[in-house]
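Chemist: Once you've had a glance at the structure underneath, I'll fire off some questions.
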Amino acid sequence: MDRRDFLKTLAAAGAMLTVKNNGVMDVMASTVPSNGAAAADSKYADLAAVMNGEPVPMLQAALKELGGIERFVKKGNKVVIKPNIGWDRTPELAGNTNPEIVAELIRLSLAAGASEVKVFDHTCDRQQNCYPHSGIEDAVKKAGGIMVPADQQSEYVQVDVPKGKSLKKAMVHKAIVDCDVWFNVPILKNHGGALMTAAMKNHMGIVWDRRAIHSGGLHQCIADICTYKPAALHIVDAYRTLATNGPQGRSAADVVLTKALFASTDIVAVDTAAGKFFTQVNKNINFDDIEHIPDAQALGLGTMNLDKLNVKRIKL
585 MDRRDFLKTL
595 AAAGAMLTVK
605 NNGVMDVMAS
615 TVPSNGAAAA
625 DSKYADLAAV
635 MNGEPVPMLQ
645 AALKELGGIE
655 RFVKKGNKVV
665 IKPNIGWDRT
675 PELAGNTNPE
685 IVAELIRLSL
695 AAGASEVKVF
705 DHTCDRQQNC
715 YPHSGIEDAV
725 KKAGGIMVPA
735 DQQSEYVQVD
745 VPKGKSLKKA
755 MVHKAIVDCD
765 VWFNVPILKN
775 HGGALMTAAM
785 KNHMGIVWDR
795 RAIHSGGLHQ
805 CIADICTYKP
815 AALHIVDAYR
825 TLATNGPQGR
835 SAADVVLTKA
845 LFASTDIVAV
855 DTAAGKFFTQ
865 VNKNINFDDI
875 EHIPDAQALG
885 LGTMNLDKLN
895 VKRIKL
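Structure below.
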């Protein structure tokens, strides 16, 4: 990967890497809605794309454009946050969601009146290592949330996926089944099979038998599982991007400090924006090859046409 094609150094207290704007990256190119005056009539942004900030300020800026946490969390709600905690990696290695984003989302949900906020992931490495080493377990507890286990089949129940094309049933974690509202909070990164992990791919952590998804046609099954109880909001953490050797990475050399965040109620739109961003970080991946995004659009889960949406682009 030739980083000189898309990175530049900013003169500040220290050097910071950030992604250059170009033709494909125009999702971050300005601070006005993408479709002009018509979009300005919308009450809330359809998609917020934030850049050049720290994790918490970027999340706060995105939520402001999307109507605030109160749009999604009502008093007494049981809330679930589903980050990526799949790998025994520290935050610097970008295998898991940034713990600061998870903690702030807990604090905001509780302040909005949530009765509880649970956090889990069906990890790939041992849960007993992933939860603490990711920094998420400690962050969750300090913010007032509850870490729940996800490493036993008894924690899942079988549900129908009636809108699924290939995946018709799945074992889904009880926390998702029982909650009033849930937030899908993945980290943006490379994946060997799906090419990219973002909002859709993060759904594999809510199911027990991931082998069924892999064997049933990975891209279509990823799209299918997203039709079950859609998240209220999808927040893609791209503060650090695992550009290569995903989904867990090998070393810090695989990580690019991109300082971005994408958020939307539309899972197709947020993965489209994140995907176009990601394919500038790893130019060896073609956006058109990330097949689960158009598969999800075909299922009616959202739109890939960002020009039709009210996109707020924010540079901090």
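Heads up: the sequence shown is residues 585 to 900, going by the working numbering.
For every residue, glycine included, the Cβ atom is placed at its ideal position computed from N, Cα and C.
1) Roughly how many whole angstroms lie between the Cα atoms of Lys860 and Asn768?
2) Counting pairs of Cβ atoms below 8 angstroms between the segment 695-705 and the segment 659-667, do you hit three or more?
3) Let me confirm a value: Ile867 is counted as buried when at least 16 other C-beta atoms fall within 10 Å, else exposed. Which label applies?
4) Taking the beta strand (DSSP E) that Pro667 falls in, what are its first and last residues?
5) Between the Cα of Pro733 and the Cα atoms of Leu751, Val745, Ile760 and Ala754, which residue gives the shortest distance?
6) On a Cα-Cα basis, can you pick out the residue from Ala678, Asn680, Val865 and Glu875 that is closest to Gly801?
7) Below 8 angstroms, can you find three or more Cβ-Cβ pairs linking the segment 632-640 to the segment 841-850?
8) Compute the Euclidean distance between the alpha carbons of Gln832 and Asp821, then round it to the nearest angstrom.
9) Taking the alpha helix (DSSP H) that Asp808 belongs to, which residues open and close that run?
10) Whose C-alpha, out of Val756, Phe862 and Val686, is nearest the C-alpha of Tyr715?
11) At the level of alpha carbons, what is the spacing between Ala827 and Pro641?
12) For Asn881, which residues in the same chain have their Cβ closer than 6 angstroms to its Cβ, ignoring the five residues on either side in sequence?
13) Could you give the residue range of the alpha helix (DSSP H) that holds Ile685?
Modeler: Put simply:
1) As a first step, residue 860 is located in the sequence shown; it is residue number 276 there, counting from the start. As a first step, residue 768 is located in the sequence shown; it is residue number 184 there, counting from the start. Roughly 19 angstroms between the two C-alpha positions.
2) yes
3) To locate residue 867, count along the sequence shown from 1; it is residue 283. Here residue 867 turns out to be Lys, not Ile, going by the sequence shown. Its Cβ having fewer than 16 others within 10 Å, Lys867 is exposed.
4) Translated into positions along the sequence shown, residue 667 becomes position 83. Its beta strand (DSSP E) spans residues Lys662 to Pro667.
5) The sequence position of residue 733 within the sequence shown is 149, counting from 1. The shortest C-alpha separation from Pro733 is found at Ile760.
6) For the purposes of this step, residue 801 is identified with residue 217 of the sequence shown, where counting begins at 1. Of the candidates Ala678, Asn680, Val865 and Glu875, the one whose C-alpha sits nearest the C-alpha of Gly801 is Glu875.
7) yes
8) The count along the sequence shown starts at 1 and reaches residue 832 at position 248. The count along the sequence shown starts at 1 and reaches residue 821 at position 237. Those two C-alpha atoms are separated by around 15 angstroms.
9) For the purposes of this step, residue 808 is identified with residue 224 of the sequence shown, where counting begins at 1. Per DSSP, Asp808 belongs to the alpha helix (DSSP H) from Leu802 to Ile809.
10) In the sequence shown, residue 715 corresponds to position 131, counting from 1. Here the closest residue by C-alpha is Val686.
11) Position 243 of the sequence shown, counted from the first residue, corresponds to residue 827. Position 57 of the sequence shown, counted from the first residue, corresponds to residue 641. Using only the alpha carbons, I get a separation of about 23 angstroms.
12) Numbered from 1 along the sequence shown, position 297 holds the residue referred to as residue 881. At residue 881 the sequence reads Gln, which differs from the Asn that was named. Closer than 6 angstroms at the Cβ level, and outside the excluded window around Gln881, lie Val852 and Met888.
13) Mapped onto the sequence shown, residue 685 falls at position 101. Unbroken alpha helix (DSSP H) run through Ile685: Pro683 to Ala695.
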